[in-house]
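If you read the sequence shown in this note's numbering, its first letter stands for residue 393, the second for the next number, and so on.
Below is one structure, written out as structure tokens; the observations come after it.
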Amino acid sequence: MGVLVRFDFADLPVRGALVRLDQAWLNWWQRLGLGGPERTMLGEATAALPLLAANLKFRGRMNLQMQGGAHLSLLVAQIDHQLQLRSMLQTRDEPVPADWAQAVAGAQCAVLLDPESGMDRYQAIVEAGGVSLAEDLERYFLQSEQLATRVWLAADDAVATGLLVQRLPGEMAEDDAFETVTALADTLADGELLATDPDLLLHRLFASLGLRRHDTREVTLTCRCSRERIGTLLLSLGEEDVEALLAEQGRVEASCEFCGQSYVYEADDARALFTAARAEPPSPTKH
Ligand SMILES: [Zn+2]
Numbered sequence: 393m394g395v396l397v398r399f400d401f402a403d404l405p406v407r408g409a410l411v412r413l414d415q416a417w418l419n420w421w422q423r424l425g426l427g428g429p430e431r432t433m434l435g436e437a438t439a440a441l442p443l444l445a446a447n448l449k450f451r452g453r454m455n456l457q458m459q460g461g462a463h464l465s466l467l468v469a470q471i472d473h474q475l476q477l478r479s480m481l482q483t484r485d486e487p488v489p490a491d492w493a494q495a496v497a498g499a500q501c502a503v504l505l506d507p508e509s510g511m512d513r514y515q516a517i518v519e520a521g522g523v524s525l526a527e528d529l530e531r532y533f534l535q536s537e538q539l540a541t542r543v544w545l546a547a548d549d550a551v552a553t554g555l556l557v558q559r560l561p562g563e564m565a566e567d568d569a570f571e572t573v574t575a576l577a578d579t580l581a582d583g584e585l586l587a588t589d590p591d592l593l594l595h596r597l598f599a600s601l602g603l604r605r606h607d608t609r610e611v612t613l614t615c616r617c618s619r620e621r622i623g624t625l626l627l628s629l630g631e632e633d634v635e636a637l638l639a640e641q642g643r644v645e646a647s648c649e650f651c652g653q654s655y656v657y658e659a660d661d662a663r664a665l666f667t668a669a670r671a672e673p674p675s676p677t678k679h
């Protein structure tokens, strides 16, 4: 399990959020079999999503996707309004350098907001390859939301965590308050973010500034894949392609690119999908 704590200050136009994933993060990277810089990068991206979604004002999903980096070919993290989170990463053959800018050189970073209904999807493309993922995300907030924001991220084998501090929208000429809060957050020692309980950390950093803790919400790392979703995928491939797979392999085997869970459709099951689809009128909704 993980937690997301939101906070602001009694007299300062600044808000923030702190996320901490422990056992859930451990289970997640172990399932993916990651280590080294890849694990750190995925951990930071995974911790970043609850921060990005902390003030989400719609029901739906949010995606962070980095694609086409020199060493990191794909990094995806997704969250929904219930703070259900999942993430994955793909690398090219060579070992990934620990340096963020080198690893993602040339990558395109996109943040996608995908409301369930009533609103349009919104995608922001951000230049990747700052000194850290945190810096890339600070640029996203400035460009897309016009909000001065600072982000701190850290991950190791036991914890993935992050802190966000943001100047509140609509307030003018309040740079001093924002500077005061970020200067205190900058006093975080190496490893302190990883080692410290969220409540204690916030108290230690900001108690002198009139910190107000708001809700603490549960964050879960969980995959949305299911046999039904794989079935939908097979239908979208089309009967001809699925028959070709069956001729080749005798059955269709697909594994989830996020969690690695594998799903098997025997020939009869795969054909039954198409028979059922033909019997039903086309669905009016796309989901
Ligand atoms: Zn999955």
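Idealized CB from N, CA, C, for every residue including glycine.
All figures in this text were calculated on a predicted structure; none of them were measured in a lab.
### Query
Would you call ALA639 buried or exposed, if buried means 16 or more other Cβ atoms sit within 10 Å of its Cβ?
Taking the sequence shown and counting its residues from 1, the one referred to as residue 639 is at position 247. By the C-beta density criterion, ALA639 is exposed, having fewer than 16 other C-beta atoms within 10 angstroms.
### Message
Quick check on THR614: buried or exposed, where buried means 16 or more other Cβ atoms within 10 Å of its Cβ?
### Response
The residue labelled residue 614 in the question sits at position 222 within the sequence shown. Its Cβ having fewer than 16 others within 10 Å, THR614 is exposed.
### Task
Verify whether the separation of the beta carbon atoms of VAL543 and LEU443 is less than 8 Å.
As a working note, residue 543 is residue 151 in the sequence shown. As a working note, residue 443 is residue 51 in the sequence shown. The answer is yes: Cβ separation under 8 Å.
### heavy atom of ligand 1 below 7 Å from GLN422 C-beta
In the sequence shown, counting from the first residue as 1, residue 422 sits at position 30. Answer for GLN422: no, Cβ out of range of ligand 1.
### Query
What does DSSP give as the partner residues of GLN470 in its beta bridges?
Within the sequence shown, numbered from 1, the residue matching residue 470 stands at position 78. According to DSSP, which records beta bridges pairwise, GLN470 is partnered with ASN455 and ARG478.
### Range covered by the beta strand (DSSP E) that runs through GLU645
In the sequence shown, the residue the question calls residue 645 occupies position 253. Looking at the DSSP string, the run of the beta strand (DSSP E) that includes GLU645 is 643-647.
### Message
Is GLN459 a contact residue of ligand 1, with contact defined as CB to any heavy atom under 7 Å?
### Response
Walking along the sequence shown from the start, residue 459 turns up at place 67. No, since every heavy atom of ligand 1 falls outside the 7 Å radius drawn around the Cβ of GLN459.
### Message
Using beta carbons (cut-off 8 Å, strictly below), is ALA526 in contact with chain C?
### Response
You won't find chain C in this structure, because it holds only one protein chain.
### Message
Need the endpoints of the alpha helix (DSSP H) that PHE598 sits in, please.
### Response
Along the sequence shown, read from residue 1 onward, the residue named residue 598 stands at position 206. Boundaries of the alpha helix (DSSP H) harbouring PHE598: 590-598, taken from the DSSP string.
### Query
Would you say the beta carbon of PHE399 comes nearer than 7 Å to a heavy atom of ligand 1?
Position 7 of the sequence shown, counted from the first residue, corresponds to residue 399. Not under cutoff, so the answer is no.
### Query
Does ligand 1 have a heavy atom nearer than 7 Å to the CB of GLN515?
Residue numbering aside, residue 515 sits at position 123 when the sequence shown is read from its first letter. Not under cutoff, so the answer is no.
### Task
Check whether the segment 528-535 touches the segment 569-578, taking contact to mean three or more Cβ pairs, one atom from each stretch, closer than 8 Å.
Taking 8 Å as the limit for Cβ pairs, the verdict is that the segment 569-578 does not touch the segment 528-535.
### Message
Within the continuous beta strand (DSSP E) that includes PRO507, where are the two ends?
### Response
The residue given as residue 507 occupies position 115 in the sequence shown. Element bounds for PRO507: 500-507.
#### Entry: Any 3 or more C-beta pairs closer than 8 Å across the segment 511-525 and the segment 547-561
Because the criterion of three Cβ pairs below 8 Å is not met, the segment 511-525 and the segment 547-561 do not touch.
### Task
Kindly indicate which three-state DSSP category GLY630 falls into: helix, strand or coil?
Counting from one through the sequence shown, the residue named residue 630 turns up at place 238. When secondary structure is reduced to three states using DSSP, GLY630 falls in the coil class, being assigned neither helix nor strand.
### Alpha carbon of ALA646 to alpha carbon of LEU665, nearest angstrom
Sequence index remark: in the sequence shown, residue 646 carries index 254 (1-based). Sequence index remark: in the sequence shown, residue 665 carries index 273 (1-based). Cα to Cα, ALA646 sits roughly 15 Å from LEU665.
### Query
Excluding sequence positions up to five away, which residues of its chain have a Cβ less than 6 Å from the Cβ of VAL503?
The residue you call residue 503 lines up with position 111 of the sequence shown. Here VAL503 has LEU456, ALA516 and TYR532 as same chain residues with Cβ atoms under 6 Å from its own Cβ, once five neighbours each way along the sequence are excluded.
### Query
GLN653: beta carbon under 7 Å from a heavy atom of ligand 1?
Along the sequence shown, one-based indexing puts residue 653 at 261. At least one heavy atom of ligand 1 is nearer than 7 Å to the Cβ of GLN653, so yes.
### Query
Which word fits ALA668, buried or exposed, when buried means at least 16 other C-beta atoms lie within 10 angstroms of its C-beta?
What you label residue 668 is simply residue 276 of the sequence shown in a count that begins at 1. That one is exposed.
### Query
Who are the near neighbours of LEU481 in its chain, counting only those whose CB is closer than 7 Å to its CB and skipping five residues on each side?
Mapped onto the sequence shown, residue 481 falls at position 89. In the same chain as LEU481, and ignoring 5 residues on each side of it, the C-beta atoms closer than 7 Å to its own belong to GLU430, MET433, LEU434, LEU464, LEU466 and LEU467, in chain order.
### Query
Alpha carbon to alpha carbon, how far is LEU545 from GLU436?
Here residue 545 refers to the residue found at position 153 of the sequence shown. Here residue 436 refers to the residue found at position 44 of the sequence shown. Taking the straight line joining both Cα atoms gives about 6 Å.
### Query
Taking the continuous beta strand (DSSP E) assigned at ALA516, which residues delimit it?
By 1-based counting over the sequence shown, the position of residue 516 is 124. Segment 514-519, the beta strand (DSSP E) holding ALA516.
### Task
Please work out which residues of its chain come closer than 8 Å, Cβ to Cβ, to ASN419, disregarding the five sequence neighbours upstream and downstream, and give them in chain order.
To locate residue 419, count along the sequence shown from 1; it is residue 27. Cβ within range, chain order: LEU613.
### Query
Among all the DSSP beta bridges, which residues are the ones paired with PHE401?
For the purposes of this step, residue 401 is identified with residue 9 of the sequence shown, where counting begins at 1. According to DSSP, PHE401 bridges with LEU603.
### Query
Assuming LEU603 and PHE399 make a contact with CB atoms under 8 Å, what is their CB distance in whole Å?
Translated into positions along the sequence shown, residue 603 becomes position 211. Translated into positions along the sequence shown, residue 399 becomes position 7. Contact flag correct, Cβ pair sits at about 6 Å.
### Query
What did DSSP end up calling LEU560 once you bin it into helix, strand or coil?
Looking up residue 560 in the sequence shown gives position 168. The answer is coil: DSSP assigns LEU560 none of H, G, I, E or B.
### Query
For CYS617, is the beta carbon positioned less than 7 Å from some heavy atom of ligand 1?
Your numbering for residue 617 matches position 225 in the sequence shown. At least one heavy atom of ligand 1 is nearer than 7 Å to the Cβ of CYS617, so yes.
### Query
Is the closest heavy atom of ligand 1 to the C-beta of CYS648 under 7 Å?
Against the sequence shown, residue 648 aligns to sequence position 256. Yes - ligand 1 has a heavy atom lying nearer than 7 Å to the Cβ of CYS648.
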